[in-house]
Structures are given as structure tokens and as C-alpha cells.
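> Okay, handing you the structure first.
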Amino acid sequence: NALAPDLIALTGDFATCPGALCSEAAFTPARAMLQAFLAALHAPDGAVAVLGNHDYDCGAERMSALLARNKVHVLINAVHLIEREGDHLAVAGVDDALEGHPRLKVALDALPDGVAALLLAHEPAFARQSALTRRFFLQLSGHTHGGQVRLPLLPPPLPPMSRPYPSGRYEVNGMTLYTSRGIGMVHLPLRFLCPPDLAVFELCAAPRDG
Numbered sequence: 166n167a168l169a170p171d172l173i174a175l176t177g178d179f180a181t182c183p184g185a186l187c188s189e190a191a192f193t194p195a196r197a198m199l200q201a202f203l204a205a206l207h208a209p210d211g212a213v214a215v216l217g218n219h220d221y222d223c224g225a226e227r228m229s230a231l232l233a234r235n236k237v238h239v240l241i242n243a244v245h246l247i248e249r250e251g252d253h254l255a256v257a258g259v260d261d262a263l264e265g266h267p268r269l270k271v272a273l274d275a276l277p278d279g280v281a282a283l284l285l286a287h288e289p290a291f292a293r294q295s296a297l298t299r300r301f302f303l304q305l306s307g308h309t310h311g312g313q314v315r316l317p318l319l320p321p322p323l324p325p326m327s328r329p330y331p332s333g334r335y336e337v338n339g340m341t342l343y344t345s346r347g348i349g350m351v352h353l354p355l356r357f358l359c360p361p362d363l364a365v366f367e368l369c370a371a372p373r374d375g
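Right, here's the structure in full:
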């Protein structure tokens, strides 16, 4: 909020529930923390989000409902259109690639013709598929935590569909990909040589013809 963003993009894994799908009672502490976090977010163009694989362990419908109640647009193979002074920006989102059912074509079909579009996809390796469409100038992803604990001379521990994009900015077949390390932790409340990451992007409109 202190950075005064126009739009807030959330790329999934809002909570972790160990083991199988957690019960409502087990989810209650996470619900209270998330409610406070989401309610405090503020941006003129609102907030958009996709779900991550951990959100499916907690219950995808449960998590989607919590986000929606806090005015976060949950993009599950869907598009959210932002308009300002006659110009438009399309924000597309696909379902989680590991636990959900990502249908990129459904999102592509919902994109208005001629409108610049960015994509939220939880797993960064999804960029191999999305970049081939030549429809998105930017993909925002999370999932990896950057490895969370990075030991010198050893490869970072990464979940599936992280490599070769564990952290930071990449160019994938003409599309920019940014993998955020995120602000949370999983399994252990510990980060080492891998600080939290909250990225700010300034989008510049292309000049109009003439």
C-alpha cells in the first residue's frame, strides 16, 4: 500500500495445509490471517489473483470464496479488463498447472482483440506454453519461493515446474517472465540467502500510430 500501486497481482499459494485436504477447523487460523491481509490491500484498479497448488490442498473453492469476498478478482482461466481514459489492459489468469485444470485457450478466447495482455500463472515453467501464443507481453509467476534456502555451491530446492526460472526476470520466446520469490515460507519458517520479494512493475503504453 505504501508503494501506491494501481493494481495488485497475487500469484497464489496463500496458505499451506499439510497432508490431504484440510478440514474447516484446520483452515480457520489461516482464514483469519488471510482475511486481515486481504482486507488491508488497496489499489485503484483493485487486486487480481490466481490459485497455487497449495491452495488446492486447503480447498480451491474455499480459497476462491475468501478472495472474492475481499474484492480480489480470481482468474481461473479467465480475463479481467482494466479501462482508463479509453485505454484497456487485459489481465488473464490460468488455473494451477499441478493441481488444477489450466485452460489457456479459454483465457485466450476471452481476450479482446487488439488489447495488451499480461498473464498470471502460478508455475513459471508455464511460460514455455504461454509464450508460444505471442499474445502476452508479460507473465507473472510465483511458486518457487526462489528456493527459500539457498546453500552455497548447491542447487536450490525447487518444486516441479520451477526450472529453469527459479527467481527474477527472464525472456522466453519474446515474452517477459518474472518469477517472484514471494513474501511467505513453506515447511520451515526460514529463509537463507533468499530474501522475500515484492516486485513493482511500471507499464509504459506504446505510442499510438500517428
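Using this note's numbering, the final residue of the sequence shown is 375, and nothing's skipped along the way. From the three backbone atoms N, C-alpha and C, an ideal C-beta is built for every residue, glycine too. Computed from a predicted structure; not experimentally measured.
What does DSSP give as the partner residue(s) for Ser306 in the beta ladder?
Thr344
> Would Ala243 pass as a contact of Gly258 if the rule is Cβ separation under 8 angstroms?
yes
> Under 8 angstroms between the Cβ atoms of Pro321 and Gly312?
yes
> According to DSSP, Arg334 sits in a beta bridge with which residue or residues?
Paired residues: Tyr343.
> When the Cα of Lys236 is compared with those of Glu248, His219, Ala214, Ala225, which residue comes out closest?
Among Glu248, His219, Ala214, Ala225, the Cα nearest to that of Lys236 belongs to Ala214.
> Measure the alpha-carbon distance for Asp252 versus Glu189 and round it to whole angstroms.
43 angstroms
> First and last residue of the beta strand (DSSP E) that includes Val395?
This structure cannot settle anything about residue 395, because the visible part of the chain is limited to 166 through 375.
> Would the beta-carbon of Gly265 fall within 8 angstroms of that of Leu216?
yes
> Determine the DSSP secondary structure at Gly375, reduced to helix, strand or coil.
Reliability fails at Gly375, whose pLDDT of 45 lies under 50, so the model's placement of it is uncertain and the value that follows must be treated cautiously. Coil, per DSSP.
> Once the 5 residues before and after His245 are set aside, which same chain residues still bring their CB inside 7 angstroms of it?
Val213, His238, Val256
> Whose CA, out of Arg196, Arg293, Thr298, Arg234, lies closest to the CA of Arg328?
Arg293
> Quick one: using the 10 Å Cβ neighbour count with 16 as the cut-off for buried, is Val351 buried or exposed?
exposed
> In angstroms with no decimal places, state the Cα-to-Cα distance between Leu273 and Leu175.
20 angstroms
> By Cβ distance below 6 angstroms, which residues in the same chain neighbour Ala195 in space, the five residues on each side in sequence not counted?
Ala180
> Let me know if Gly375 comes out buried or exposed under the rule of 16 or more other beta-carbons within 10 Å of its beta-carbon.
Residue confidence is low: Gly375 scores 45 on pLDDT, short of 50, so the model does not pin down where it sits. No coordinate-derived value is stated.
> Alpha carbon to alpha carbon, how far is Gly279 from Cys223? Give it in angstroms, no decimals.
38 angstroms
> State the Cα-Cα distance for the pair Leu316 and His308, rounded to the nearest angstrom.
Rounded to the nearest angstrom, the two C-alpha atoms are 19 angstroms apart.
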